[in-house]
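Peer 1:
Numbering (the numbering used here), first residue to last: 5 to 298.
(1) From residue 136 to residue 127, what distance separates their C-alpha atoms?
(2) Helix, strand or coil for residue 11? Go by DSSP, reduced to three states.
(3) Which residues share a DSSP beta bridge with residue 273?
(4) How many angstroms separate the CA atom of residue 233 from the CA atom of residue 227?
(5) Using C-beta distances below 6 Å, list every residue in its chain close to residue 115, excluding the 5 sequence neighbours before and after it, in chain order.
(6) Would residue 179 pass as a contact of residue 213 if the rule is Cβ separation under 8 Å?
(7) By a C-beta neighbour count over all protein chains shown, 10 Å radius and 16 as the cutoff for buried, is residue 91 buried or exposed?
(8) How far does the alpha helix (DSSP H) with residue 200 in it extend, from its first residue to its last?
(9) Residue 123 by DSSP, collapsed to three states: which one?
(10) How big is the Cα-Cα spacing for residue 229 and residue 154?
(11) For residue 287, I'd like the list of residues in its chain whose CB is within less than 7 Å of its CB, leaving aside the five on either flank, ordered along the chain.
(12) How is the alpha helix (DSSP H) around residue 252 delimited, first residue to last?
(13) What do you reckon, are the CB atoms on residue 219 and residue 293 nearer than 8 Å?
(14) In whole angstroms, what is the alpha-carbon distance linking residue 193 and residue 83?
(15) Mark residue 205 as exposed unless 16 or more other C-beta atoms lie within 10 angstroms of its C-beta, in which case mark it buried.
(16) Which residue from 148, 94, 123, 158 puts its Cα closest to that of residue 301?
(17) Could you check the C-alpha separation between residue 77 and residue 222 for me, to the nearest Å?
(18) Should residue 236 go down as buried or exposed, given a rule of 16 or more other Cβ atoms within 10 Å for buried?
(19) Using alpha carbons as the reference points, say which of 93, 132, 75 lies closest to residue 245.
(20) Could you tell me if residue 19 is buried or exposed, where buried requires 16 or more neighbouring beta carbons within 10 angstroms of its beta carbon?
(21) Should residue 9 go down as buried or exposed, given a rule of 16 or more other Cβ atoms within 10 Å for buried?
(22) Which same chain residues end up closer than 7 Å to residue 129 when comparing Cβ atoms and leaving out the 5 residues on each side of it in sequence?
(23) Look up residue 103 in the DSSP assignment and say whether it is helix, strand or coil.
(24) Can you tell me whether residue 66 is buried or exposed? The criterion is at least 16 other CB atoms within 10 Å of its CB, across all chains shown.
(25) Judging by CA-CA distance, which residue of 152, 80, 94, 217 is the nearest neighbour of residue 12?
(26) Whose C-alpha, out of 241, 44, 296, 264, is nearest the C-alpha of residue 255?
(27) Please name the residue in 79, 48, 86 whose C-alpha comes closest to that of residue 73.
(28) Please report the straight-line C-alpha distance between residue 110 and residue 248, rounded to a whole angstrom.
(29) Beta-carbon within less than 8 Å of residue 168's beta-carbon, same chain only, minus the 5 sequence neighbours each way: which residues are those?
(30) Helix, strand or coil: which one does DSSP assign to residue 192?
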């Protein structure tokens, strides 16, 4: 469907420009997302190295070495070169997971920005109907193009919702608990001897989890707010100068566009900035409870 949209816009500059701008924006976001996750992984591994140095300075033995990810192995791996091999394998595993998470977020944002570009084209076509030829056939052709494009936008948004709603639900719940537990670890590590190593490992991870939740919720908010533009553009068009049969199409378009395009978490909660604040509030409440019980 995305390929068809690009092919339809390829021959018209006014339609191609918003698509190109959204594609450039999604490309920049993809690079920033992957780089951010990679930096967090490097800082997480660096925190482990700092913890190892602190342990060595405090006189701890080699057997007390720790890995990037705490794990129990069937054989002794604290000696060289087995320790280095396990560390490298863990780092590569974490790097792969970070890249997949970054690309998944970038993919969702790319789909949303593609819809935004199509919405900009619909708004432009609606506002250009008044300056077109006064012939009835030309108006009907323009209106038919607008309606078909709007139907494609709605269908594409519904496909995104059906594919990602349950994944968004898992992210919504997991981000809430991860933010909660990381906040609890940060609060309890402030006065610990190895606070610097813990902070270097936890704070970047805490920040990127918050960023991931924000991106997910902001994508839904942006889609909802962008879908309102069609309704406003149809209302601002010169529908009152058209023939009754033509203006009736505009009225139907206005009525259909009043139903916002949304992304939900498991079809239970609309993803919006309000949902993001709910995540932060719930996480802060859980941290307070855990801190009081600890």
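Yeah, the Cβ is synthetic: ideal placement off N, Cα and C, and Gly gets one too.
Peer 2: For this structure:
(1) Start at 1 with the first residue of the chain shown, and residue 136 comes out as number 132. Start at 1 with the first residue of the chain shown, and residue 127 comes out as number 123. At residue 136, the pLDDT of 49 sits below 50, so the modelled position is not reliable and the matter cannot be decided from this model.
(2) If you number the chain shown from 1, residue 11 lands on position 7. Helix at residue 11.
(3) Here residue 273 corresponds to residue number 269 of the chain shown, with the count starting at 1. In the DSSP output, where bridge partners are listed per residue, residue 273 has 269.
(4) For the purposes of this step, residue 233 is taken as the residue at position 229 of the chain shown. For the purposes of this step, residue 227 is taken as the residue at position 223 of the chain shown. Going by the C-alpha atoms only, they are around 10 Å apart.
(5) To locate residue 115, count along the chain shown from 1; it is residue 111. Answer for residue 115: 164, listed in chain order.
(6) One-based indexing of the chain shown puts residue 179 at position 175. One-based indexing of the chain shown puts residue 213 at position 209. Against a cut-off of 8 Å, the Cβ pair of residue 213 and residue 179 comes out as a contact.
(7) Numbered from its first residue, the chain shown carries residue 91 at position 87. Buried, by the Cβ-count rule.
(8) Mapped onto the chain shown, residue 200 falls at position 196. Per DSSP, residue 200 belongs to the alpha helix (DSSP H) from 199-240.
(9) Numbered from 1 along the chain shown, position 119 holds the residue referred to as residue 123. The answer is helix: DSSP assigns residue 123 an H, G or I state.
(10) The residue you call residue 229 lines up with position 225 of the chain shown. The residue you call residue 154 lines up with position 150 of the chain shown. Near 16 Å, if we compare the C-alpha coordinates of residue 154 and residue 229.
(11) Numbered from 1 along the chain shown, position 283 holds the residue referred to as residue 287. Once the five neighbours on either side are set aside, the close Cβ partners of residue 287 are 180, 183, 184, 187.
(12) Here the question's residue 252 lines up with position 248 in the chain shown. Run containing residue 252: 248-261, per the alpha helix (DSSP H) assignment.
(13) Within the chain shown, residue 219 is the residue found at index 215, counting from 1. Within the chain shown, residue 293 is the residue found at index 289, counting from 1. No, these two residues do not count as a Cβ contact at 8 Å.
(14) As a working note, residue 193 is residue 189 in the chain shown. As a working note, residue 83 is residue 79 in the chain shown. Residue 193 and residue 83: Cα-Cα distance of roughly 29 Å.
(15) As a first step, residue 205 is located in the chain shown; it is residue number 201 there, counting from the start. Buried.
(16) Outside the shown range of the chain (5 to 298) lies residue 301, about which nothing can therefore be said.
(17) Counted from its first residue, the chain shown places residue 77 at position 73. Counted from its first residue, the chain shown places residue 222 at position 218. For residue 77 and residue 222, the distance between alpha carbons rounds to 41 Å.
(18) Translated into the one-based positions of the chain shown, residue 236 becomes position 232. With fewer than 16 other Cβ atoms within 10 Å, it is exposed.
(19) Your numbering for residue 245 matches position 241 in the chain shown. Closest by alpha carbon: 132.
(20) Mapped onto the chain shown, residue 19 falls at position 15. Its Cβ being crowded by 16 or more others within 10 Å, residue 19 is buried.
(21) Counted from its first residue, the chain shown places residue 9 at position 5. Buried, because 16 or more other Cβ atoms sit within 10 Å of the Cβ of residue 9.
(22) Along the chain shown, read from residue 1 onward, the residue named residue 129 stands at position 125. The answer, listed in chain order, is 146, 149, 150.
(23) Indexing the chain shown from 1 puts residue 103 at position 99. Helix.
(24) Position 62 of the chain shown, counting from 1, holds the residue named residue 66. Residue placement at residue 66 cannot be trusted, given a pLDDT of 46 that sits under 50; the coordinates are not used to answer.
(25) As a working mapping, residue 12 is identified with position 8 in the chain shown. Per the Cα distances, 152.
(26) The residue given as residue 255 occupies position 251 in the chain shown. Of the listed residues, the one whose Cα sits closest to residue 255 is 241.
(27) For this step, residue 73 is matched to residue 69 along the chain shown. Nearest C-alpha to residue 73: 48.
(28) Numbered from its first residue, the chain shown carries residue 110 at position 106. Numbered from its first residue, the chain shown carries residue 248 at position 244. Spanning the two alpha carbons is a distance of roughly 44 Å.
(29) Taking the first residue of the chain shown as 1, we reach residue 168 at position 164. Same-chain partners within the cutoff: 112, 267.
(30) Your numbering for residue 192 matches position 188 in the chain shown. Residue 192 falls in the helix class under three-state DSSP.
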